[in-house]
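Basically the numbering used here = 1-based index in the sequence shown + 234.
C-beta: ideal position from N, C-alpha, C; glycine also.
Report on the following structure.
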Amino acid sequence: MAGGQSNMHVLSALDGAKTQWYHFTAIIVAGMGFFTDAYDLFCISLVTKLIGRVYYTVDGSPNPGTLPPDVSAAVNGVAFVGTLSGQLFFGWLGDRVGRKSVYGVTLLLMIICSVASGLSFGHSPAGVMATLCFFRFWLGFGIGGDYPLSATIMSEYANKRTRGAFIAAVFAMQGFGILAGGAVAIGITAIFRSRFPAPPYAVDPAASTPAQADLVWRIILMFGAVPAALTFYWRMKMPETARYTALVAKNAERAAADMSRVLQVEIAKEQAEVAAPASGCPKCSRPFGLFSWEFARRHGAHLVGTASTWLLLDIAYYSQNLFQKDIFSAIGWIPAARTMSALDELFHIARAQTLIALCGTVPGYWFTVAFIDVLGRFKIQLAGFLMMAAFMLGLAIPYEHWTAPGNQTGFVVMYAFTFFFANFGPNATTFIVPAEIYPARLRATCHGISAAAGKVGAIIGSFGFLYLAQSPDPAKTAHGYPAGIGVRKSLFVLAGCSLAGFMLTFLVPEPKGKSLEEMSRENETGAAEP
């Protein structure tokens with residue numbers, strides 16, 4: 235029997251394997267990178283307020299200090315740039331040398347840099363911010379590598395019946411990261427508030443930020459390393475995926491042995507058949523690479539679809555996610571900064587963001603896990619984009635109504651629904667589908683490219699809308715920012731991005747119920763090469 239045939243025997247056994255305990259272990263181990271990613275993203279948006287108070291308060295100012303726009307952009311931006319770089323680099327490397335070979339490196343980077351971010355040192359605000367930015371870049375680099383590697387590993391381990399739910403569950407670890415970030419921030423702040431009570435800024439500006447506040451943000455950032463460190467050992471013990479070993483390394487016997495060890499699948503018959511070399515396959519044509527006409531013909535439109543939908547989703551998602559604390563302030567959910575001490579402000583923001591996560595963000599992830607293999611990726615993504623646009627328009631059109639006294643709760647409910655349908659929608663599916671539709675030899679690379687496009691969207695959403703959403707009245711803008719178009723018009727722009735994502739979803743195929751080899755067409759003539 236030809237080597238290509240026997241490879242397919244091994245993989246069909248994997249597709250038919252029943253769900254086992256190892257699958258759930260893999261979800262936890264693979265999901266820790268996303269836990270750390272979400273924890274860090276959630277916490278940095280909290281602690282920037284506190285860092286502004288600690289390092290940038292001006293004596294005699296009527297309001298507490300805030301990070302200057304360029305510093306705020308750097309602190310938030312370097313992690314995004316690091317993530318984008320890591321997605322491209324580790325995606326490529328995972329296809330070149332194997333998923334397992336580089337999988338531990340990404341987690342180790344996250345652990346070291348989470349701790350180092352909290353240890354940021356320097357005698358001046360500039361020194362502390364420079365070291366914080368340095369370590370946040372490398373933290374992002376490790377997080378970025380986890381996107382293509384975790385998605386690819388989970389898709390290649392899973393059987394075709396529940397593959398979507400398993401990849402979605404890895405991504406849903408972000409929900410636990412968000413809740414952990416909120417719980418840690420609330421808990422640490424509560425402890426320090428009780429030990430070191432402080433008056434509001436308006437009463438005593440100097441005493442409103444106790445010296446111990448500088449420890450609070452550091453402890454919160456360092457806590458992100460704990461869950462990642464706990465799973466490092468198991469990540470290093472994971473074998474290479476059978477699909478990589480069989481299709482890329484061309485060693486079906488080793489793939490069968492690895493799979494039998496971790497998934498208790500018997501493949502003795504197939505192992506015996508792995509005798510003939512791959513060159514014995516009469517139908518196999520010369521392999522094609524990423525920049526070939528053959529790849530463009532088979533998967534070019536797919537790559538445009540997965541990259542563009544992820545980019546548009548992240549423009550909408552991150553523009554709201556990173557700066558929701560400012561929206562809460564604008565509608566009166568969080569008191570004015572000068573009426574609170576530094577730790578009071580952190581506590582209020584953490585509580586508000588955790589409530590939104592609990593009601594809107596986290597349930598959406600698990601709705602995706604429950605329904606993705608029932609409804610399919612395509613329908614969930616289409617409906618998600620459409621509902622995001624609908625709720626954003628529902629916020630934007632009667633914006634004056636929502637911001638009037640007494641209507642804030644309705645605003646928050648509508649706002650939570652945009653996050654619910656992002657997570658029970660394109661935020662999950664844009665991560666899942668690129669791990670299912672490309673050839674094994676290019677799978678991590680193409681996922682990395684799609685994810686990097688998403689991170690470009692995150693950068694646009696974060697920084698573009700940080701400036702864009704400022705009030706058109708220069709007197710009402712945040713300190714140091716030019717006038718923008720305001721929150722209402724920004725919501726219209728974001729609704730437009732969601733509708734564009736809806737249209738571009740039609741470029742992406744539906745992988746539900748199909749094997750990875752059917753979707754990538756690796757069971758046809760030709761195979762991908764890097």
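By alpha-carbon positions, which one of the options ends up nearest to residue i?
i	options	result
VAL460	PHE697, MET266, CYS731	MET266
TYR207	GLU752, ASP492, ARG675, GLY695	Absent from the structure is residue 207, since the part of the chain shown begins at 235 and ends at 764.
MET472	ALA447, LEU383, MET456	LEU383
ALA419	GLY659, LEU275, VAL603	LEU275
VAL349	LEU366, GLU751, ASN297	LEU366
PHE371	GLY316, LEU750, ALA272	GLY316
TRP326	LYS748, PRO716, LEU738, ALA685	ALA685
GLU751	LYS394, ASP329, VAL647	LYS394
VAL437	LEU700, LEU620, GLY294	GLY294
VAL596	MET407, VAL362, ARG488, VAL305	MET407
HIS536	THR739, ALA476, GLY338, ASN310	THR739
TRP544	PHE581, THR300, CYS731	CYS731
ASP448	SER553, TRP255, GLU670, ALA576	ALA576
LEU725	THR643, GLY698, THR396	GLY698
ALA385	TYR672, SER705, GLY311, PRO433	TYR672
THR475	THR711, SER705, ALA703, TYR256	TYR256
SER351	PHE368, PRO359, TYR337, GLY338	PHE368
LEU728	MET753, ALA709, GLY691	GLY691
LEU481	ALA445, TRP636, SER246, LEU373	SER246
PRO768	ILE261, PHE405, ILE614	With the chain covering only 235 through 764, there is no way to say anything about residue 768.
LYS283	TRP451, GLY374, ALA440, GLY356	TRP451
MET344	HIS357, GLY374, GLY356, SER358	GLY374
ILE549	LEU700, TRP527, PHE525	LEU700
PHE405	ALA624, GLY594, GLU670, ALA662	ALA662
ILE606	LEU301, LEU280, ALA399	ALA399
LYS689	ALA584, TYR551, GLN587, ALA624	TYR551
GLY416	LEU580, ALA251, PHE258, ALA392	LEU580
PRO743	ALA463, ALA432, HIS357, LEU616	LEU616
PHE462	GLY523, ALA486, TYR337, ARG429	The sequence as given places Ala at residue 462; Phe does not occur at that position. Selected option, being the one with the closest Cα: TYR337.
ALA260	ILE683, PHE525, ILE387, LEU524	ILE387
ARG397	LEU524, SER705, PHE258, LEU589	PHE258
On the premise that residue j lies in contact with residue i, defined as a C-beta separation below 8 Å, what is that separation, rounded to the nearest angstrom?
i	j	result
LEU609	PHE466	Rounded, the Cβ-Cβ distance is 36 Å, inconsistent with contact.
LYS484	ARG611	The Cβ separation is near 30 Å, so there is no contact.
PHE655	GLY695	17 Å between Cβ atoms; not a contact.
LEU741	GLY539	3 Å
MET574	PRO434	6 Å
GLY720	ALA703	7 Å
SER204	ALA687	The structure shown does not extend to residue 204, since the chain spans only 235 to 764, so no value can be given for it.
TRP567	ALA586	6 Å
LEU620	PHE736	6 Å
Give me the Cα-Cα distance between residue i and residue j, rounded to the nearest whole angstrom.
i	j	result
ALA678	ILE425	43 Å
ILE422	HIS681	37 Å
GLN505	ALA490	Note that GLN505 has pLDDT 43, beneath the 50 cutoff, so the model's placement of it is unreliable and the number below is only indicative. Rounded to whole angstroms, GLN505 to ALA490 spans 6 Å at the Cα level.
PHE645	LEU353	38 Å
PRO296	ASP578	18 Å
PHE658	ALA402	10 Å
SER519	SER749	Bear in mind that a pLDDT of 45 at SER519, under 50, signals an unreliable position, so the number given afterwards is only what the model happens to contain. Whole-angstrom Cα-Cα distance: 21 Å.
THR253	ASP329	26 Å
ASP707	ILE346	44 Å
ARG469	ARG722	45 Å
ALA734	PRO716	28 Å
GLY303	ASN641	The sequence given here places Pro at residue 303; Gly does not occur at that position. Those two C-alpha atoms are separated by around 31 Å.
MET363	ALA571	22 Å
ARG755	ALA313	36 Å
PRO516	PHE529	Since pLDDT at PRO516 reaches only 42, below the 50 mark, its modelled position is unreliable, and no value is offered.
ILE298	ARG333	Sequence inspection shows Pro at residue 298; the Ile mentioned does not correspond to that position. Spanning the two alpha carbons is a distance of roughly 48 Å.
ALA272	GLU390	24 Å
VAL339	ASP492	21 Å
ASN204	THR711	With the chain running from 235 to 764 in the structure shown, residue 204 is simply not present.
GLY361	PRO444	21 Å
PRO569	PHE268	32 Å
PRO521	ARG532	13 Å
PHE557	SER306	Model confidence at PHE557 stands at a pLDDT of 46, short of 50, so the residue's coordinates are unreliable; what they give is reported in the following sentence. PHE557 and SER306: Cα-Cα distance of roughly 11 Å.
PHE430	LEU280	20 Å
ILE300	MET626	According to the sequence as given, residue 300 is Thr; it is not Ile. Answer to the nearest angstrom: the Cα atoms are 28 Å apart.
VAL263	GLU634	46 Å
When DSSP builds the beta bridges, which residues end up paired with residue i?
i	result
PHE405	Per DSSP, none; premise fails for PHE405.
Please tell me whether residue i has its Cβ less than 8 Å away from any Cβ of chain C.
i	result
THR300	Annotation note: the requested chain C is absent from the structure, which comprises a single protein chain.
query: Counting Cβ pairs closer than 8 Å, one from the region 360 to 379 and one from the region 319 to 326, do we hit at least three?
result: yes
message: Measuring CB atoms only, is the region 396 to 415 touching the region 271 to 287, in the sense that at least three cross pairs come out at less than 8 Å?
response: yes
task: Evaluate contact between the region 440 to 456 and the region 629 to 641, counting only Cβ atoms and requiring at least three cross-stretch pairs below 8 Å.
output: no
- prompt: Does the pairing of the region 278 to 288 with the region 650 to 669 give three or more beta-carbon distances under 8 Å?
  reply: no
message: I want to know whether the region 594 to 610 touches the region 660 to 672 - three or more CB-CB distances under 8 Å.
response: yes
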